[in-house]
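As structure tokens, the structure follows; a few thoughts come after it.
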Amino acid sequence: MNEQFVVSLILILATFGLYIGIAVFNMARATSDFYVAGRGVPPVFNGMAIGADWMSAASFIGMAGTVMVLGYDGLAYIMGWTGGYLLLTFLLAPQLRKFGRYTVPEFIGDRYKSNAARLIAAVATIIISFTYSVGQLSGSGVVIGRLLEVNTVIGTLIGVVLIAFYSALGGMKGITWTQVAQYIVLIIAYLIPVIFMSMQLTQNPIPWLSYGDVISEMRVLDQELGISEYVVPFTEATKWQFMALMFTLMAGTAGLPHVIVRFYTVATMKAARWSGAWALLFIGLLYLSAPAYAAFSRFILMTEVAGSSLNNLPGWTEAWVDTGRLSLADGNSDGVLQWSELVISNDIVVMATPEIADLGIFVIGLMAAGAMAAALSTAGGLMIAISAALSHDIYYRSINPKATEQKRLAVGRISIVAATIVAGLVALNPPGAITQIVAWAFALASGSFFPALILGVWWKRANGPGVVAGMLVGLSVTLGYIFAAKYGGFTILGIIDTGAGVFGASAALITNIVVSLLTPPPSQKLQEEVQDMHYPEQIQYKDGEAWIKDAK
């Protein structure tokens, strides 16, 4: 048993113990605790929880690798995901919080006065969250598999057990405070290696300012090797794919049910806005670091691994070749590893970085703990979203409206365990890379929820038949395009499966508007409720106590 394994295992087990302890301490005992954490989370801590919920395995493990492999074209992920939070913070989150429901399907059902719309939204929540969770569990399998030096299948199963336990026990209340701890762990783990690499390569400890010098050197190397330049746009995809992917990620962010529900855990509209502001700050720390990670890792691989004798490669390469995520093939049989013969998976770049840069066993273990925090935090939020759709929107609102709180909590916990197990089984043989699977979830959210929520909040004429038709058409178009592009080779303007949301969202918006205009308008009372969402709350004081009054 080597020293690195022991250190990594201790760090992982210590953080696991912390998460489980927090979940036990904050165990949900009421439905409001289970679904919305009692609506009492302070904005700064909610911002941290949102950041952890958001910075999934795709962000932590996959994003820097995607930028490294795709170069400029990979920036669509960073711009799309960040821009989506601006949309959500300013156009949806405060208004949805003011409407005061537990889940996104419940908002859609009550806003449009349609049980059919709520059920379709509940099914869409399950599909989107399930797709997303497959990516997270696949990521946890990569981390645990590398750490314990076992097959990623075993690693995935270990992640399933842990997520099912603390998500079912704590509900949203437990998950919220667990995610605060997970954010602290993951951001420390993410920043330390990139700061050390910056010092190694540029003698500047501020990677956000120094990585431009490394990119300048890489441009020269790219020209010498005759390969696509790292900073030249649209070399890996068309400009239409770049814009479609960016739109899909932005609209998908604003429509993801497990992210939106986080804004239900605060007390007021103002707190929802501040939660979004804090979340942008906390998320920005990681997202601004990803391009630096990508540049530093690519530079080290180009200068210290490519061009080396196959018999004299760094020791870390052997361990990653064994995972199946790194391929070193001597295509021309000259005994030297050329840049074109080095095939590295997007999903291992960040995880391998501490070893690539020789940062020591503690940093390697810290990175493993951070990656697990990222995968587990998002998976926990996703499982709550699936559970709420099954136990609250389908079971309680449609099947058994007289169910007691204890019964609803039991159904919610059983739903989490079942969903985690099924998602874990699919993640054993994932249908794509982590970032690709996650992009499909965003495409589905942008084609179903984004149009329904935007029109539901800002167009009082939108009605039940319109949203039902819009969600069905949007989901069908998005799913159809994903399958046609991935398995049939069908594309429009070079837009592949990860950009499918642009077609789904457009189809859903048009359908919703046309059907709403062709059918009777909502009641005057409902239109007034929609209009009321646009006004901020005012805090007034009476007998020394604060209370909220709607400003109209």
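Residues 0 to 551 in numbering that gives the first Met the number 0 are what the sequence shown spells out, letter by letter.
Quick reminder that beta carbons are idealized off the backbone N, C-alpha and C, glycines included.
Because the structure is a prediction, the values reported are computed rather than measured.
- [ ] Check whether the Cβ atoms of Ile415 and Ile385 lie closer than 9 Å to each other.
- [x] Stepping through the sequence shown from its first residue, residue 415 is reached at position 416. Stepping through the sequence shown from its first residue, residue 385 is reached at position 386. A contact, by the Cβ cut-off of 9 Å.
Open item on the list: Does Ile343 come out as helix, strand or coil in the three-state DSSP assignment?
Closed with: In the sequence shown, counting from the first residue as 1, residue 343 sits at position 344. It is a strand residue.
TODO: Express the C-alpha separation of Tyr534 and Pro93 in angstroms, rounding to a whole number.
DONE: In the sequence shown, the residue the question calls residue 93 occupies position 94. In the sequence shown, the residue the question calls residue 534 occupies position 535. Their backbone Cα atoms lie some 10 Å apart in a straight line.
Open item on the list: Restricting to Cα atoms, I'd like to know which of Ser505, Asn114 and Thr124 is closest to Ala444.
Closed with: Against the sequence shown, residue 444 aligns to sequence position 445. When each option's Cα is compared against that of Ala444, the closest is Thr124.
- [ ] Could you check the C-alpha separation between Gly20 and Ile157 for me, to the nearest Å?
- [x] Within the sequence shown, numbered from 1, the residue matching residue 20 stands at position 21. Within the sequence shown, numbered from 1, the residue matching residue 157 stands at position 158. Going from the Cα of Gly20 to the Cα of Ile157 covers about 18 Å.
Task: Nearest-angstrom Cα separation, counted from Ser55 out to Met350 - done: Here residue 350 refers to the residue found at position 351 of the sequence shown. Here residue 55 refers to the residue found at position 56 of the sequence shown. Approximately 14 Å between the Cα atoms of the pair.
TODO: Since I believe Thr237 is in contact with Gly493 (beta carbons under 8 Å), could you give me their beta-carbon distance rounded to a whole number of angstroms?
DONE: For the purposes of this step, residue 493 is taken as residue 494 along the sequence shown, with counting starting at 1. For the purposes of this step, residue 237 is taken as residue 238 along the sequence shown, with counting starting at 1. Between Thr237 and Gly493 the Cβ distance is about 3 Å, and since that is below 8 Å, they are a contact.
Task: contact_flag[the region 189 to 205, the region 284 to 295] where n(CB pairs < 8 Å) is 3 or more - done: yes
Task: Presumed contact (8 Å Cβ cut-off) between Ile107 and Gly455, rounded CB distance - done: On the sequence shown, residue 107 is found 108 positions in, with the first residue counted as 1. On the sequence shown, residue 455 is found 456 positions in, with the first residue counted as 1. Right, their Cβ atoms sit about 7 Å apart.
Task: Beta-carbon contacts of Leu358 that lie in its chain and below 7 Å, excluding the five residues immediately before and after - done: Sequence index remark: in the sequence shown, residue 358 carries index 359 (1-based). Closer than 7 Å at the Cβ level, and outside the excluded window around Leu358, lie Pro192 and Phe195.
Task: Collapsed DSSP secondary structure at Val335 in the structure displayed - done: Along the sequence shown, one-based indexing puts residue 335 at 336. Reduced to three states, the DSSP call for Val335 is strand.
Task: Member of Gln337, His391, Ala367 and Gln405 whose CA lies at the smallest distance from the CA of Glu223 - done: For this step, residue 223 is matched to residue 224 along the sequence shown. Ranking Gln337, His391, Ala367 and Gln405 by Cα distance to Glu223 puts Gln337 first.
Task: For Ile494, the residue or residues it bridges with in DSSP - done: To locate residue 494, count along the sequence shown from 1; it is residue 495. According to DSSP, which records beta bridges pairwise, Ile494 is partnered with Ile491.
Open item on the list: Quick test of the definition: if touching needs 3 or more C-beta pairs under 8 Å, does the region 115 to 123 touch the region 456 to 472?
Closed with: yes
- [ ] Starting from the C-beta of Ala483, find all residues in its chain whose C-beta is less than 8 Å away, skip the five residues before and the five after it, and write them out in chain order.
- [x] Locating residue 483 in the sequence shown gives position 484, counting from the first residue. Same-chain partners within the cutoff: Phe489.
Task: For Leu312, the first and last residue of its enclosing beta strand (DSSP E) - done: Numbered from 1 along the sequence shown, position 313 holds the residue referred to as residue 312. Run containing Leu312: none; DSSP gives neither H nor E here.
Open item on the list: Mapping the DSSP letters down to three states, classify Leu471 as helix, strand or coil.
Closed with: As a position in the sequence shown, residue 471 is number 472, starting the count at 1. Note: Leu471 maps to helix in three-state DSSP.
TODO: Tell whether a beta-carbon distance below 9 Å holds between Ser552 and Asn428.
DONE: Here the chain comprises residues numbered 0 to 551, so residue 552 is not present and cannot be evaluated.
TODO: Look at Trp159 and Leu136 and say whether their C-beta atoms are less than 9 Å apart.
DONE: What you label residue 159 is simply residue 160 of the sequence shown in a count that begins at 1. What you label residue 136 is simply residue 137 of the sequence shown in a count that begins at 1. Contrary to the premise, residue 159 reads as Val rather than Trp in this sequence. Cβ distance < 9 Å, so Val159 and Leu136 count as in contact.
- [ ] Have a look at Gly79, Gly369, Ala253 and Leu408 and flag the residue whose alpha-carbon is nearest the alpha-carbon of Met245.
- [x] Start at 1 with the first residue of the sequence shown, and residue 245 comes out as number 246. Among Gly79, Gly369, Ala253 and Leu408, the Cα nearest to that of Met245 is on Gly79.
Open item on the list: Whole angstroms are fine: how far does the CA of Val258 sit from the CA of Ile393?
Closed with: Here the question's residue 393 lines up with position 394 in the sequence shown. Here the question's residue 258 lines up with position 259 in the sequence shown. One C-alpha to the other measures close to 20 Å.
Task: Reduced DSSP secondary structure (H/G/I, E/B, other) of Trp546 - done: Residue numbering aside, residue 546 sits at position 547 when the sequence shown is read from its first letter. Residue placement at Trp546 cannot be trusted, given a pLDDT of 45 that sits under 50; what the coordinates show is reported in the next sentence. DSSP places Trp546 in strand when its eight states are reduced to three.
- [ ] Alpha carbon to alpha carbon, how far is Ala402 from Asp549? Give it in angstroms, no decimals.
- [x] To locate residue 549, count along the sequence shown from 1; it is residue 550. To locate residue 402, count along the sequence shown from 1; it is residue 403. Caution is warranted here: a pLDDT of 45 is assigned to Asp549, below 50, making its placement in the model unreliable, and no coordinate value can be reported.
Open item on the list: Here's the rule: buried if 16 or more other CB atoms are within 10 angstroms of the residue's CB, otherwise exposed. What is Thr518?
Closed with: Within the sequence shown, residue 518 is the residue found at index 519, counting from 1. The residue is exposed, with fewer than 16 neighbouring Cβ atoms inside 10 Å.
- [ ] Please go through the same chain and pick out, in chain order, the residues whose beta-carbon is closer than 7 Å to the beta-carbon of Thr175, but skip the five residues on each side of it.
- [x] The count along the sequence shown starts at 1 and reaches residue 175 at position 176. Contacts found: Ala36, Val40, Ala48 and Thr264.
Task: Per DSSP, cross-strand counterpart(s) of Leu327 - done: Taking the sequence shown and counting its residues from 1, one reaches residue 327 at position 328. Partner(s): Leu341.
Task: Beta-carbon separation (whole angstroms), Ser132 vs Met371, contact threshold 8 Å - done: For the purposes of this step, residue 132 is identified with residue 133 of the sequence shown, where counting begins at 1. For the purposes of this step, residue 371 is identified with residue 372 of the sequence shown, where counting begins at 1. About 15 Å separates the two Cβ atoms, so there is no contact after all.
Task: Contact set for Asp598: own chain, Cβ-Cβ below 7 Å, skip 5 residues either direction - done: Within the shown structure, residues of the chain are numbered from 0 to 551, placing residue 598 beyond reach of any answer.
- [ ] Answer yes or no: do Pro285 and Ile186 have a C-beta to C-beta separation smaller than 9 Å?
- [x] Looking up residue 285 in the sequence shown gives position 286. Looking up residue 186 in the sequence shown gives position 187. Checking the sequence, you will find Leu at residue 285 rather than Pro. In contact: Leu285 and Ile186 (Cβ atoms closer than 9 Å).
TODO: Would you decide whether Gly70 is buried or exposed? Buried here means 16 or more other CB atoms lie within 10 Å of its CB.
DONE: Residue 70 sits at position 71 when you count from the first residue of the sequence shown. Label assigned to Gly70: buried.
Open item on the list: One question on the structure: do Gly446 and Gly487 come within less than 9 Å of each other, judged by their Cβ atoms?
Closed with: As a position in the sequence shown, residue 446 is number 447, starting the count at 1. As a position in the sequence shown, residue 487 is number 488, starting the count at 1. Their beta carbons are not under 9 Å apart, which means Gly446 does not touch Gly487 by this criterion.
Open item on the list: With a threshold of 6 Å on Cβ separation, who are the neighbours of Gly46 within its own chain once the five nearest residues in sequence on each side are excluded?
Closed with: Along the sequence shown, read from residue 1 onward, the residue named residue 46 stands at position 47. So the list reads Ser274, Trp277, Ala278 and Phe281, once near-sequence residues are dropped.
Task: Boundaries (first-last residue) of the alpha helix (DSSP H) holding Thr234 - done: As a first step, residue 234 is located in the sequence shown; it is residue number 235 there, counting from the start. From DSSP, Thr234 is part of no alpha helix (DSSP H); its letter is neither H nor E.
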